[in-house]
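Chemist: Quick one: this structure, given as structure tokens, is what I'll be asking you about.
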Amino acid sequence: MEPILLPAHNPGPMTGSGNNTYLIPGRHGSATLIDAGVGEPQHLADLAAALGGGRLEAVLVTHGHRDHAAGAPAIAAAHPAASFRKRPWPDEDAQYVVPWRSLDEGDQVQVGDDVLTILHTPGHSPDHLAFWQESTRTIFTGDLVVQGSSVMIHWSRGGDLGQYMASLERLLTLNPLRLLPAHGPVIDDPQTIVAGYLEHRRQREQQVVAALSAGLATVQAITESIYDGLAPALMPAAQENVRAHLEKLKVDGRATDQDGRWTQ
Ligand SMILES: [Zn+2]
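In structure tokens form, the structure reads like this:
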């Protein structure tokens, strides 16, 4: 059945126009929700209206970042029969008190007559999952892809650029027709968008390698050389991104660090 977009009504600097959650209708009025939002009253009201008296069976959460998981307790209060499932990330999950049940790579979740196959797609966060609906060749992509924008890789919070790029490549191998992301519009040309994402990261990596070659050795110096003129408020995020690239280069054997100084 066609998913129903339910905006989480949480616009902001880190969420853009706010998160997308998706309600997938099942059988006999039951339904499954992808991502929990943050518990905004309007989101809960929209959810109740879309259910129309039917039962919320499960909430499948793509990852433990606040804008995807924080609404779980409010949804649980309104829909006590619902189960809440995600890949465990204990330190983060403990903030959102619901009886989380584990969901992981290869699991299959029945939604009405349809099946969602669970893909572990780490990189943006260690627990990140995507949900593959083969019948419609649709992937619910969480924070793997945002059209027209770049996805944050917070190295200091479990992000891993190498894993992220491998997760994107994995999406392409499924040959999806449509991506339903947690931010921004539906993506109807996944191959183009995801290939563009990978290319953007490779170009950024070349810039980091060039900065190392030029003798720049700290995350700050490399960031300032690449993101010349960036608004100061955005610098911490840019530094996280550069750090993620450096850590990937380290894993690839192309950079080393000692006492915060990086060399090739
Ligand atoms: Zn996220």
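Counted the way the numbering used here counts, the sequence shown spans residues 225 to 488.
Quick reminder that beta carbons are idealized off the backbone N, C-alpha and C, glycines included.
Since the structure is predicted, the reported quantities are computational estimates derived from the model, not experimental observations.
Are there any heavy atoms of ligand 1 lying less than 6 Å away from the beta-carbon of H289, as far as the coordinates show?
Modeler: In the sequence shown, counting from the first residue as 1, residue 289 sits at position 65. Yes, the Cβ of H289 comes within 6 Å of a heavy atom of ligand 1.
Chemist: Alpha carbon to alpha carbon, what distance is there between N243 and H233?
Modeler: In the sequence shown, residue 233 corresponds to position 9, counting from 1. In the sequence shown, residue 243 corresponds to position 19, counting from 1. Taking the straight line from one Cα to the other gives about 7 Å.
Chemist: Which runs of the beta strand (DSSP E) spanning at least 3 residues fall entirely within the region 297-343, listed in chain order?
Modeler: As far as the region 297-343 is concerned, its whole beta strand (DSSP E) runs of at least 3 residues are 307-310, 324-326, 332-335.
Chemist: Does DSSP put E281 in a helix, a strand or coil?
Modeler: Here residue 281 refers to the residue found at position 57 of the sequence shown. If DSSP states are grouped into helix, strand and coil, E281 belongs with the strands.
Chemist: For the region 360-371 against the region 320-336, are there 3 or more C-beta pairs whose distance is under 8 Å?
Modeler: At 8 Å Cβ cutoff, the stretches do not touch.
Chemist: Between the C-alpha atoms of L353 and Y388, what's the straight-line distance to the nearest angstrom?
Modeler: For the purposes of this step, residue 353 is taken as residue 129 along the sequence shown, with counting starting at 1. For the purposes of this step, residue 388 is taken as residue 164 along the sequence shown, with counting starting at 1. Taking the straight line joining both Cα atoms gives about 12 Å.
Chemist: Can you tell me which of the three DSSP states T442 falls into?
Modeler: Position 218 of the sequence shown, counted from the first residue, corresponds to residue 442. Note: T442 maps to coil in three-state DSSP.
Chemist: I'd like to confirm the pairing. Which residues does DSSP put opposite D481 in its beta bridges?
Modeler: Counting from 1 along the sequence shown, the entry for residue 481 is found at position 257. Bridge partners of D481: W486.
Chemist: Look up Y421 in the DSSP assignment and say whether it is helix, strand or coil.
Modeler: Stepping through the sequence shown from its first residue, residue 421 is reached at position 197. Helix at Y421.
Chemist: Rounded to the nearest angstrom, what separates K472 and G420 at their Cα positions?
Modeler: Position 248 of the sequence shown, counted from the start, is the residue given in the question as residue 472. Position 196 of the sequence shown, counted from the start, is the residue given in the question as residue 420. The alpha-carbon atoms of K472 and G420 are separated by roughly 19 Å.
Chemist: Quick check: what's the CA-CA separation for P304 versus V321?
Modeler: Taking the first residue of the sequence shown as 1, we reach residue 304 at position 80. Taking the first residue of the sequence shown as 1, we reach residue 321 at position 97. About 13 Å.
Chemist: Identify which residue in G276, G278, P265, M225 has its Cα closest to the Cα of A294.
Modeler: Taking the first residue of the sequence shown as position 1, residue 294 is located at position 70. Measuring from the Cα of A294, the nearest candidate turns out to be P265.
Chemist: Under the criterion of a Cβ to heavy atom distance below 6 Å, does D367 qualify as lining ligand 1?
Modeler: Residue 367 sits at position 143 when you count from the first residue of the sequence shown. Yes, ligand 1 has a heavy atom inside 6 Å of this Cβ.
Chemist: At the level of alpha carbons, what is the spacing between Q431 and G261?
Modeler: Sequence index remark: in the sequence shown, residue 431 carries index 207 (1-based). Sequence index remark: in the sequence shown, residue 261 carries index 37 (1-based). Approximately 36 Å, taken between the alpha carbons.
Chemist: Tell me which same chain residues have a C-beta within less than 8 Å of the C-beta of K474, skipping the five on either side of it?
Modeler: Residue mapping note: residue 474 aligns to position 250 of the sequence shown, counting from 1. Answer for K474: T480, D481, listed in chain order.
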